[in-house]
Amino acid sequence: MNSFNDLTDFSNDEIDNLIDLANQLEKNPSPNVLKGKVLSLLFLSPSLRTLASFQAGMSRLGGGSFVISPDMSIHGLETRHGIVMDGSAAEHIKEAVPVIASYGDAVGIRAFAERENIDDDLEDIKFKNLSSLVDKPLINMESAIQHPCQNLADWKTMDNLEIPKNGGKFVLSWAYHPNALPLAVPASTLIMAAKRGMDVTVLRPDGFALPKSILEKATNEATKSGGSVLESDNRKVAMEGADVIYAKSWSSTLHYGDQIKDKLLREKFIDWCIDEEWFNTAKKQCKFMHCLPVRRGVVVSDGILDGPRSIVIEEARNRMYAQMAILYKMMKG
Amino acid sequence: MNSFNDLTDFSNDEIDNLIDLANQLEKNPSPNVLKGKVLSLLFLSPSLRTLASFQAGMSRLGGGSFVISPDMSIHGLETRHGIVMDGSAAEHIKEAVPVIASYGDAVGIRAFAERENIDDDLEDIKFKNLSSLVDKPLINMESAIQHPCQNLADWKTMDNLEIPKNGGKFVLSWAYHPNALPLAVPASTLIMAAKRGMDVTVLRPDGFALPKSILEKATNEATKSGGSVLESDNRKVAMEGADVIYAKSWSSTLHYGDQIKDKLLREKFIDWCIDEEWFNTAKKQCKFMHCLPVRRGVVVSDGILDGPRSIVIEEARNRMYAQMAILYKMMKG
Amino acid sequence: MNSFNDLTDFSNDEIDNLIDLANQLEKNPSPNVLKGKVLSLLFLSPSLRTLASFQAGMSRLGGGSFVISPDMSIHGLETRHGIVMDGSAAEHIKEAVPVIASYGDAVGIRAFAERENIDDDLEDIKFKNLSSLVDKPLINMESAIQHPCQNLADWKTMDNLEIPKNGGKFVLSWAYHPNALPLAVPASTLIMAAKRGMDVTVLRPDGFALPKSILEKATNEATKSGGSVLESDNRKVAMEGADVIYAKSWSSTLHYGDQIKDKLLREKFIDWCIDEEWFNTAKKQCKFMHCLPVRRGVVVSDGILDGPRSIVIEEARNRMYAQMAILYKMMKG
Chain Y
573 MNSFNDLTDF
583 SNDEIDNLID
593 LANQLEKNPS
603 PNVLKGKVLS
613 LLFLSPSLRT
623 LASFQAGMSR
633 LGGGSFVISP
643 DMSIHGLETR
653 HGIVMDGSAA
663 EHIKEAVPVI
673 ASYGDAVGIR
683 AFAERENIDD
693 DLEDIKFKNL
703 SSLVDKPLIN
713 MESAIQHPCQ
723 NLADWKTMDN
733 LEIPKNGGKF
743 VLSWAYHPNA
753 LPLAVPASTL
763 IMAAKRGMDV
773 TVLRPDGFAL
783 PKSILEKATN
793 EATKSGGSVL
803 ESDNRKVAME
813 GADVIYAKSW
823 SSTLHYGDQI
833 KDKLLREKFI
843 DWCIDEEWFN
853 TAKKQCKFMH
863 CLPVRRGVVV
873 SDGILDGPRS
883 IVIEEARNRM
893 YAQMAILYKM
903 MKG
Chain W
573 MNSFNDLTDF
583 SNDEIDNLID
593 LANQLEKNPS
603 PNVLKGKVLS
613 LLFLSPSLRT
623 LASFQAGMSR
633 LGGGSFVISP
643 DMSIHGLETR
653 HGIVMDGSAA
663 EHIKEAVPVI
673 ASYGDAVGIR
683 AFAERENIDD
693 DLEDIKFKNL
703 SSLVDKPLIN
713 MESAIQHPCQ
723 NLADWKTMDN
733 LEIPKNGGKF
743 VLSWAYHPNA
753 LPLAVPASTL
763 IMAAKRGMDV
773 TVLRPDGFAL
783 PKSILEKATN
793 EATKSGGSVL
803 ESDNRKVAME
813 GADVIYAKSW
823 SSTLHYGDQI
833 KDKLLREKFI
843 DWCIDEEWFN
853 TAKKQCKFMH
863 CLPVRRGVVV
873 SDGILDGPRS
883 IVIEEARNRM
893 YAQMAILYKM
903 MKG
Chain L
573 MNSFNDLTDF
583 SNDEIDNLID
593 LANQLEKNPS
603 PNVLKGKVLS
613 LLFLSPSLRT
623 LASFQAGMSR
633 LGGGSFVISP
643 DMSIHGLETR
653 HGIVMDGSAA
663 EHIKEAVPVI
673 ASYGDAVGIR
683 AFAERENIDD
693 DLEDIKFKNL
703 SSLVDKPLIN
713 MESAIQHPCQ
723 NLADWKTMDN
733 LEIPKNGGKF
743 VLSWAYHPNA
753 LPLAVPASTL
763 IMAAKRGMDV
773 TVLRPDGFAL
783 PKSILEKATN
793 EATKSGGSVL
803 ESDNRKVAME
813 GADVIYAKSW
823 SSTLHYGDQI
833 KDKLLREKFI
843 DWCIDEEWFN
853 TAKKQCKFMH
863 CLPVRRGVVV
873 SDGILDGPRS
883 IVIEEARNRM
893 YAQMAILYKM
903 MKG
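These protein sequences, in sequence, are chains Y, W and L. Each step along the first sequence adds one to the number in the numbering used here, with nothing skipped, and position 196 is 768. Each step along the second sequence adds one to the number in the numbering used here, with nothing skipped, and position 277 is 849. Each step along the third sequence adds one to the number in the numbering used here, with nothing skipped, and position 149 is 721.
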């Protein structure tokens with residue numbers, strides 16, 4: 573495996589194999605598999621789970637890792653091309669990224685959306701620019717529009733809990749949040765659930781529809797897998813018979829990059845905080861999913877997070893095992 | 573071993589066994605013992621020795637570790653319960669701690685005292701709240717009232733130097749410091765020395781008596797071990813025949829959490845800076861101990877730190893071996 | 573090997589042996605060689621390549637490492653001697669350095685020039701003070717006047733590309749930079765190239781001559797190795813027949829430590845940005861070297877960095893292998 577960037581680059585059989593491997597590595601310690609191997613980790617955006625789970629995963633497989641992030645004592649990194657670097661940035665990514673890559677057997681990069689131009693973000697221009705500088709196996713640790721490690725972990729989590737593929741109902745719900753958040757998780761999660769063969773409803777208020785290209789990509793995946801994709805702004809209808817509600821806030825694509833207009837719009841939907849009432853029309857055992865970090869009392873109630881519906885810790889825990897499978901495929905032998 | 577939180581949870585025989593193991597690991601490299609095992613390290617308070625010695629110790633045993641601390645590029649962590657998280661903190665410890673724990677085979681947590689309410693700190697409420705979120709073997713890396721890794725290292729240091737248990741005299745001395753410092757080290761060190769069977773004198777100026785419950789716990793340990801616990805504000809008397817003086821500044825319990833009143837009180841004792849004169853009535857070879865970091869010329873003179881009495885580097889070095897014994901007991905097999 | 577501080581501490585045969593070992597470790601994974609060994613890394617100055625390459629190198633040899641730097645959540649470190657520590661610094665290097673050293677089998681320290689007194693910096697007083705506190709094998713990770721790991725990597729890079737030793741022409745060129753930079757890289761690189769037996773020309777504008785003691789040391793090395801050392805302020809003459817141009821900005825020794833006067837002087841030479849025209853009189857295949865980080869469009873043109881002349885990524889990559897050879901020699905067996 574030379575790249576782990578987009579779940580749709582893999583067939584469902586390939587994903588099943590990856591998850592089988594992840595389950596196997598979860599059960600059987602394999603501390604010699606990546607002996608002497610190194611994972612380079614470049615975080616251009618903040619991280620807790622991703623950093624911890626990649627470092628822990630490499631250790632469990634017998635390898636090592638190192639972390640570079642701009643909050644460390646390094647000089648600022650310039651990303652613009654053709655610029656005269658007479659400002660504060662002392663190093664260009666055109667040097668920093670190949671150098672960091674040269675020390676590893678594989679590379680993980682995290683770079684959130686710039687959120688200036690929606691087309692650039694939907695095309696993942698920034699991440700593609702970074703990727704083009706790497707000549708090693710590369711893992712997307714979350715970019716403007718992808719979060720494939722989260723997607724694989726979520727797939728595994730649902731498999732482990734025997735949440736059905738075909739026939740299973742997956743509600744991806746917008747939730748309130750004080751800030752305008754990126755599209756990476758909702759977009760890639762929607763596509764993951766559709767690809768898994770589930771009947772997916774995107775539940776969101778007016779003004780928060782996901783971009784058309786994302787919905788089309790998801791529908792395309794659903795067609796191949798026997799799933800479906802719908803949109804709704806009606807909680808009761810959307811949640812009817814749901815196996816899973818996956819909560820995530822995201823910014824309005826109507827005012828992309830405009831914090832003020834986005835805020836004015838989102839403030840109307842401060843009641844989109846998921847609590848037990850939302851589950852009235854869902855399946856009895858309907859689960860609550862979230863990629864974390866999550867704001868309690870804002871995105872979801874304490875009751876849901878602390879109750880039996882929540883599988884958010886399990887999702888986070890599966891990040892490590894899903895990633896160990898990827899690392900194994902990339903660096904073994 | 574499922575918890576290393578308080579030295580008094582262990583019998584003196586168990587502590588002797590731990591120190592035997594630490595001495596053994598110091599002499600014989602054991603780089604396969606924790607192969608593929610992971611230690612999760614969560615620092616909610618600053619660290620140098622603790623971070624370095626735990627990471628080095630895990631490497632020496634063949635395992636790995638990762639560090640999460642709020643000074644890294646993560647979003648702020650909320651610790652209050654039942655709160656609506658619409659401020660700057662993006663993640664609650666109720667998610668962060670279980671997630672971090674889920675990546676390790678054991679977990680270390682550091683969380684200093686809040687220093688708002690002395691009863692909460694004496695009960696170690698904050699650390700207990702954090703501990704309750706961990707379902708793995710847990711190491712206290714310093715809390716409001718405990719610093720058991722330091723205590724075990726200090727015990728080992730005295731053993732290695734053949735400083736007597738029964739009959740040995742241990743002076744725990746307050747020292748001047750510009751800031752009001754927590755009680756964790758003085759409280760847990762006092763109890764350690766008493767439990768080791770030593771005759772302990774707490775030397776401190778008026779207004780800086782340690783809390784009654786701590787003195788009672790220490791006296792109780794002394795009764796069991798054949799030691800004793802006294803208080804004094806007289807240097808000559810306290811130091812008479814001493815084998816060890818252990819210096820540490822701490823805040824006044826009279827003005828707990830009140831920086832201004834505490835400062836007014838402590839400024840009177842700026843001469844409590846330990847120098848050679850303090851040793852006039854002590855045993856000739858009386859040693860100087862401190863947990864570090866220590867302020868030169870404030871807590872203790874350069875002469876003492878740079879002279880033969882000081883064993884502070886040895887104490888710090890023994891942190892690693894003491895902790896390796898704990899890690900071994902928690903994760904081996 | 574107990575110290576890696578100055579390339580001139582080693583004979584050319586010893587350096588050849590180190591590079592042979594580095595080449596060998598590059599080809600053959602050796603993940604058991606430093607099993608259970610620990611490298612302590614203390615960064616008192618910023619780093620990207622050095623931190624990453626040392627951590628990766630230790631992992632590749634089966635060992636571990638830890639990093640301490642003041643940008644982490646530790647208390648400030650005091651470096652002055654005999655001072656009363658009643659300010660913000662809570663720990664003195666006289667404790668911090670021996671403690672950090674005590675956890676490792678070898679120690680790396682980075683501490684850039686203070687740039688207050690040129691004689692102190694030429695004598696490497698600050699680094700010597702730090703070194704004197706370490707009783708383990710010690711690696712200079714860049715000090716006021718040395719950068720031996722970079723020097724060894726550069727030597728290896730030229731060897732691998734078959735750039736001639738005797739008879740090879742090496743131009744060390746000053747370049748413009750908005751800030752007054754330290755002398756460590758130009759000084760130690762000049763001496764490295766002279767020691768390698770090359771004909772070295774230091775190309776720099778008026779006012780930017782390197783210190784006399786450095787030129788003398790280089791000339792001395794050249795005499796022994798069959799090389800030569802010249803100075804020039806004429807690009808065409810200097811570059812005539814060059815095999816390599818090694819660019820680096822450095823401060824004027826006329827106004828050492830005086831940022832304002834230095835700036836006034838350097839602003840006259842803003843056109844010292846290396847581009848293709850500089851190579852007119854050089855050998856056709858003349859290479860461009862730089863230790864990185866490098867400012868594009870300021871020190872060197874995009875065209876050179878992105879073209880076939882540049883071997884800067886190769887230099888950075890060789891840092892890891894050169895350092896692995898040092899670590900092997902220091903800690904093996």
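Even for Gly, the Cβ is constructed at its ideal location relative to N, Cα and C.
Check                                                                                                                                                                                  : Outcome
Compare the C-beta of A628 (chain L) against all C-beta atoms of chain Y and say whether one is closer than 8 Å.                                                                       : yes
Should S760 (chain W) go down as buried or exposed, given a rule of 16 or more other Cβ atoms within 10 Å for buried?                                                                  : buried
Taking 8 Å as the threshold (C-beta atoms), are M657 (chain W) and E667 (chain W) in contact?                                                                                          : no
Compare the C-beta of Y675 (chain Y) with all C-beta atoms of chain L and state if any pair is closer than 8 Å.                                                                        : yes
Among L:W746, L:K833, L:I846, whose alpha-carbon lies nearest the alpha-carbon of L877 (chain L)?                                                                                      : L:I846
Using Cβ-Cβ distances below 9 Å, what residues of the region 614–628 of chain W are close to chain L?                                                                                  : F615, S617, P618, S619, L620, R621, L623, A624, S625, F626, Q627, A628
Pairs of beta-carbons, one from the region 863–873 of chain L and one from the region 824–840 of chain L, closer than 8 Å: are there three or more?                                    : no
Going by CA-CA distance only, name the one from W:G869, W:W822, W:F742 that's closest to V816 (chain W).                                                                               : W:F742
Taking K833 (chain W) as the reference, give the member of W:N751, W:S612, W:Q722 with the closest Cα.                                                                                 : W:N751
Check E695 (chain Y) in the structure and name its three-state DSSP category.                                                                                                          : coil
So, under 8 Å CB-CB, A673 (chain L) and V639 (chain L) are touching, yes? Tell me the CB distance rounded to an integer number of Å.                                                   : No, A673 (chain L) and V639 (chain L) are not in contact; Cβ-Cβ is about 14 Å, not under 8 Å.
List the residues of chain W whose Cβ lies closer than 7 Å to the Cβ of M892 (chain Y), in chain order.                                                                                : Y675
When the Cα atoms are used, what is the spatial distance from I655 (chain W) to I735 (chain Y)?                                                                                        : 32 Å
Checking 8 Å against the spacing of the C-beta atoms, do P720 (chain Y) and F851 (chain Y) come in under that value?                                                                   : no
Could you tell me the boundaries of the beta strand (DSSP E) in which T773 (chain Y) lies?                                                                                             : 771–775
Are any of the Cβ atoms in chain W nearer than 8 Å to that of G635 (chain L)?                                                                                                          : yes
What residue does the alpha helix (DSSP H) around F626 (chain L) start on, and which one ends it?                                                                                      : 621–632
Can a CB atom of chain W be found closer than 8 Å to the CB of L665 (chain L)?                                                                                                         : Reading off the sequence, residue 665 (chain L) comes out as Ile, not Leu. Closer than 8 Å: no.
Rounded C-beta distance between K767 (chain Y) and E803 (chain Y)? I'm assuming under 8 Å.                                                                                             : The Cβ separation is near 18 Å, so there is no contact.
Taking 8 Å as the threshold (beta carbon to beta carbon), is G654 (chain Y) in contact with chain L?                                                                                   : yes
With a cut-off of 8 Å, does the C-beta of K607 (chain W) fall near any C-beta of chain Y?                                                                                              : yes
Are there three or more Cβ pairs, one per stretch, closer than 8 Å when the region 584–597 of chain W is compared with the region 897–905 of chain W?                                  : yes
Whose Cβ in chain Y lies nearer than 8 Å to the Cβ of D658 (chain W)?                                                                                                                  : P750, R867, G869, V870
Taking all protein chains shown into account, do 16 or more other C-beta atoms lie within 10 angstroms of the C-beta of E586 (chain Y), making it buried, or fewer, making it exposed? : exposed
From the DSSP output, read off the bridge partner residues of N712 (chain L).                                                                                                          : L:I681
Would A668 (chain L) pass as an interface residue toward chain W - the criterion being a Cβ-Cβ separation below 8 Å?                                                                   : yes
Of the choices W:G799, W:R891, W:G905, whose alpha-carbon is the least far from that of S621 (chain W)?                                                                                : According to the sequence shown, residue 621 (chain W) is Arg rather than Ser. Residue W:R891 is the option with its Cα nearest to R621 (chain W).
Against L755 (chain L), what residues of chain Y qualify as contacts under a CB-to-CB distance less than 7 Å, listed in chain order?                                                   : Going along chain Y, no residue has its Cβ under 7 Å from L755 (chain L), so there is no contact; the nearest lies around 18 Å.
So which residues of chain C does L864 (chain L) contact, with C-beta pairs closer than 9 Å?                                                                                           : Protein chains Y, W and L are contained in the structure displayed, whereas chain C is not.
What residue range is occupied by the uninterrupted beta strand (DSSP E) comprising S785 (chain W)?                                                                                    : Looking at the DSSP string, S785 (chain W) is not in any beta strand (DSSP E); the run it does join, the alpha helix (DSSP H), is 784–797.
Taking the beta carbon of K599 (chain W) as the centre, do at least 16 other beta carbons fall within 10 Å, making it buried, or is it exposed?                                        : exposed
State yes or no: is the C-beta of Q831 (chain W) within less than 8 Å of the C-beta of F626 (chain W)?                                                                                 : no
Comparing the C-beta of I640 (chain L) with each C-beta of chain W, is any distance below 8 Å?                                                                                         : yes
Report the neighbours of A971 (chain L) on chain Y: residues whose CB is nearer than 7 Å to its CB, in chain order.                                                                    : The structure shown does not extend to residue 971 (chain L), since chain L is modelled only from 573 through 905, so no value can be given for it.
List the residues of chain L whose Cβ lies closer than 9 Å to the Cβ of S715 (chain W), in chain order.                                                                                : Those within 9 Å of S715 (chain W) in chain L number zero; the least Cβ separation is about 17 Å.
Could I get the ranges of all uninterrupted alpha helix (DSSP H) runs contained in the region 744–772 of chain W, with 4 residues as the minimum, in chain order?                      : 756–767
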